[in-house]
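When we follow my numbering, the leftmost residue of the sequence shown carries the number -15, and every step to the right adds one.
All C-beta atoms in this analysis are idealised placements derived from N, C-alpha and C, irrespective of residue type, glycine included.
To start, the structure itself, in structure tokens.
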Amino acid sequence: MRSLQLRVLIVDDDPLSRGRIEGLLRGEAGVEVVGTAADGDYAVDAIRSLKPDLVFLDVNMPGLSGPEVVRTIGAEEMPATIFVTAHDGHAIDAFDLEAIDYLVKPFDDERFEQALRRAREALEASEFGRLRNQLIAALQGSGPSGSGGEETKPDPAYLERIPIESRGKVQVVDVNDIDFIVSSGPYAELNAGEKTHLIRESMQSLENRLDPARFIRIHRSIIVRLALVETLHKAAGGDYEVQLKTGARLRVSRTRREALERKLGITP
């Protein structure tokens, strides 16, 4: 697989921080700094006009803050994002906003390299998105012909197999092998036995494309295969968890508990 050419936007109100990030990126092969911004309002315009692949986004800025920039653009339209912050406590907020990583000022070169490498890997995993969609269409359209020579049309509504790009190859994962799916920044992590696969796909898209008779979204960041649900536990504070036959325990949001109980045949 060819190395991905990254188009990067740097957003930070501190000119020294902005300059340091730009200097580190200038030394990276396959990286183009397409622009810089010193406040959140300009950042929104730059993201929409320049369409970068990756944004280094300061959390605290004049005008719109970093999280407000993400909400203004919309999580589905936001490029891959690495938050830059002076406070470690913003890390949780960063991942709630589906950031790939976050850097706490002052960060060293090694930590910067780690964040950039993670972004490259995540973006390269999405390079095969078009091929993946073509494969999905081909796999769903490969049903046998009918006895009269008329093609039997497959049901295109739900995924049966998901092509996954890994190390320059594309492998196909049967949805029946998937135990559960969790969001991982702007990506989804498919957990299949002892293997995990990363794809650039939103949880909403996967929820819409997976058969609701076999899969259910139990949390905004979790989808599970119904056949694997063994126990529904009541946790502390009135929250709930499911335990899968594999032993994994996963959170259930309060707003999705009743739908899960209906699927499991649990009556109040």
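- Val28 sits in a helix when the DSSP states are folded into three classes.
- Considered as a whole, the segment 167 to 242 harbours 187 to 193 as its complete alpha helix (DSSP H) runs of no fewer than 4 residues, in chain order.
- Within the DSSP bridge table, the entry for Glu94 names no partner.
- Closest by C-alpha distance to Leu210, out of Ala13, Gly231, Val28 and Lys247, is Lys247.
- For Gly50, the enclosing alpha helix (DSSP H) starts and ends at Gly50 to Ile57.
- A direct Cα-to-Cα measurement between Phe67 and Arg198 gives close to 36 Å.
- By the C-beta density criterion, Asn192 is exposed, having fewer than 16 other C-beta atoms within 10 angstroms.
- At a Cβ-Cβ threshold of 8 Å, Asp163 and Ala106 do not count as neighbours.
- Restricting attention to Ala27, Ile200 and Ser205, the CA atom closest to the CA of Leu212 is found in Ile200.
- Taking Thr230 as reference, the option from Ala99, Glu214 and Ala22 with the minimal CA-CA separation is Glu214.
- Taking Arg240 as the centre and dropping the five residues before and after it, the same chain places the C-beta of Arg201, Ile202 and His203 closer than 7 Å to its C-beta, in chain order.
- Under the DSSP assignment, Ile66 falls in the beta strand (DSSP E) whose first and last residues are Ala64 to Thr69.
- Exclusion of the five residues before and after Gly19 leaves Leu(-7), Ile(-6), Ala30, Leu34 and Pro36 as the residues of its chain whose Cβ lies within less than 8 Å of its Cβ.
- Membership of Glu61 in any beta strand (DSSP E) is not indicated, and neither H nor E is assigned to it by DSSP.
- The residue from Leu234, Asp161 and Ser205 with its alpha-carbon nearest to that of His217 is Leu234.
- Between Lys89 and Ala70, the CB-CB gap stays under 8 Å.
- In terms of Cβ geometry, Val166 and Leu143 do not form a close pair [threshold 8 Å].
- Checking the DSSP bridge columns, you'll see Ile(-6) partnered with Thr20 and Phe40.
- Assignment of Asp163 by DSSP, reduced to helix, strand and coil, places it in the coil class.
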